[in-house]
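S.K.: Below you'll find the structure I mean.
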Amino acid sequence: MPITEVTILRRCGHCRHEFGEMTVKKDNMRLMVSELVWCEPCGAETPEIREIAGRLSSVESERASYPGNPPVLDVSAAEYRRLRERASGA
Ligand SMILES: [Zn+2]
């Protein structure tokens, strides 16, 4: 039976903060969106990017390396801090 629905992750195009996920019919899948979304960490409206959830295996394995396997929100915060540290050259 073919897969007709895919899970899409909505993220900030700047800091990759996760806005949430949604399930769409494969036929209606739009990965390119032009709307701006309010991003809390950025404190600005940023272009939204979308990813197919099944392709995030690298993130999943990274997530598993965190002590205590924290919930998604904590991981996003840690990820955000890391990105900021990287951006500031630390
Ligand atoms: Zn952001």
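Just so you know, we're using the working numbering here: the sequence shown kicks off at 1412 and counts up by one. Glycine included, every Cβ here is placed at the ideal spot set by N, Cα and C. A quick note: this is a predicted structure, and the numbers were derived from the prediction, not measured.
Give the straight-line distance between the Cα atoms of residue 1432 and residue 1498, rounded to the nearest whole angstrom.
M.R.: Locating residue 1432 in the sequence shown gives position 21, counting from the first residue. Locating residue 1498 in the sequence shown gives position 87, counting from the first residue. In a straight line, the C-alpha of residue 1432 is about 26 Å away from that of residue 1498.
S.K.: Quick one: grab the DSSP three-state call for residue 1451.
M.R.: Numbered from 1 along the sequence shown, position 40 holds the residue referred to as residue 1451. In the structure shown, residue 1451 sits in coil (DSSP, three-state: anything other than H, G, I, E or B).
S.K.: Cα-Cα, which of 1413, 1443, 1420 is closest to residue 1434?
M.R.: The sequence position of residue 1434 within the sequence shown is 23, counting from 1. Considering only alpha carbons, the answer is 1420.
S.K.: Output the distance between the C-alpha atoms of residue 1454 and residue 1437, rounded to the nearest integer angstrom.
M.R.: The residue you call residue 1454 lines up with position 43 of the sequence shown. The residue you call residue 1437 lines up with position 26 of the sequence shown. Computed Cα separation, rounded: 32 Å.
S.K.: Taking the alpha-carbon positions, what's the residue 1491 to residue 1416 distance?
M.R.: As a working note, residue 1491 is residue 80 in the sequence shown. As a working note, residue 1416 is residue 5 in the sequence shown. About 29 Å.
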